[in-house]
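Numbering (the working numbering), first residue to last: 213 to 366.
Cβ atoms here follow ideal geometry from the backbone N, Cα and C, with glycine treated the same way.
Before any comments, here is the structure.
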C-alpha cells in the first residue's frame with residue numbers, strides 16, 4: 213500500500229469512527245446493557261429465555277458475563293437479535309482520531325531519533341541549538357507521519 217492509499221484509509225476510518233466518538237463517553241449501565249435494555253422493555257428473564265430457548269438462569273449468567281466482560285461477540289449478537297436489536301461495536305481512539313494518534317507517535321519517535329543524533333553530534337562538538345533540535349524533530353515527525361514505517365509503533 214503506498215502512502216497516498218494509507219492516508220486515504222486513515223481518513224476514511226476516521227470519518228467512520230467519528231460517529232462513535234460520543235458513544236466513547238458513555239458508561240456501561242451498572243448491571244450491563246443487556247439487563248438495562250431487558251428491564252426497560254419490561255421483559256422478564258423467563259420471557260427472554262423463551263425467545264432464545266434457554267433458562268432464566270442462563271439469561272442471568274449471560275447478563276453477568278456481559279457485565280464482567282467475558283461474554284462473546286457471537287452471544288451478544290444472538291441476544292441482540294432476540295431483543296430485536298442490532299449489535300454495533302467499534303474500536304475508537306481514546307483521544308481524538310487515528311490521524312492524531314499517528315501524529316503523536318510520529319512526534320515521539322522523531323524526538324527519540326533526533327535527541328539521540330543530537331547527543332552523538334554534541335559528543336563530536338557538532339551540537340545543535342534548541343530551535344534547530346525542535347525544527348529537526350518537527351521535520352522528522354512529518355516524514356514519519358507521511359511514510360508510516362513499520363517501526364513507528366516499536
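Distance, residue 278 Cα to residue 304 Cα: Between the C-alpha atoms of residue 304 and residue 278 there is a straight-line separation of about 20 Å.
Range covered by the alpha helix (DSSP H) that runs through residue 283: Secondary structure note for residue 283: it is in no alpha helix (DSSP H), with a DSSP letter that is neither H nor E.
Rounded distance between the beta-carbons of residue 243 and residue 290, thought under 8 Å: Between residue 290 and residue 243 the beta-carbon gap is near 19 Å, outside 8 Å, which marks them as no contact.
Proximal residues to residue 281 (C-beta, below 8 Å), its chain only, five neighbours per side dropped: Counting only Cβ-Cβ distances below 8 Å, and skipping sequence neighbours, we find nothing.
Helix, strand or coil at residue 231 according to DSSP, with G and I counted as helix: The three-state secondary structure of residue 231, taken from DSSP, is coil.
Close beta carbons around residue 257, own chain, < 7 Å, minus the five adjacent residues each side: Close CB contacts of residue 257 within its chain, under the 7 Å cut and outside five residues either way in sequence, are with 268, 271 and 272 (chain order).
Close-in-space but distant-in-sequence residues of the same chain around residue 311 (CB under 7 Å, 5 per side omitted): Here the set comprises 222 and 226.
CA-to-CA distance, residue 360 to residue 366, given in whole angstroms: Between residue 366 and residue 360, the C-alpha separation is close to 12 Å.
Residue 298 versus 246, 236 and 214, residue with shortest Cα-Cα distance: Considering only alpha carbons, the answer is 246.
Residue range of the alpha helix (DSSP H) that includes residue 297: Here residue 297 belongs to no alpha helix (DSSP H), and DSSP marks it neither H nor E.
Between the CA atoms of residue 355 and residue 323 - distance to the nearest angstrom: Distance between the alpha carbons of residue 323 and residue 355: 12 Å.
Cβ neighbours of residue 349 in the same chain (closer than 6 Å, five flanking residues each side left out): Excluding sequence neighbours, residue 349 sits near 322, 323 and 326.
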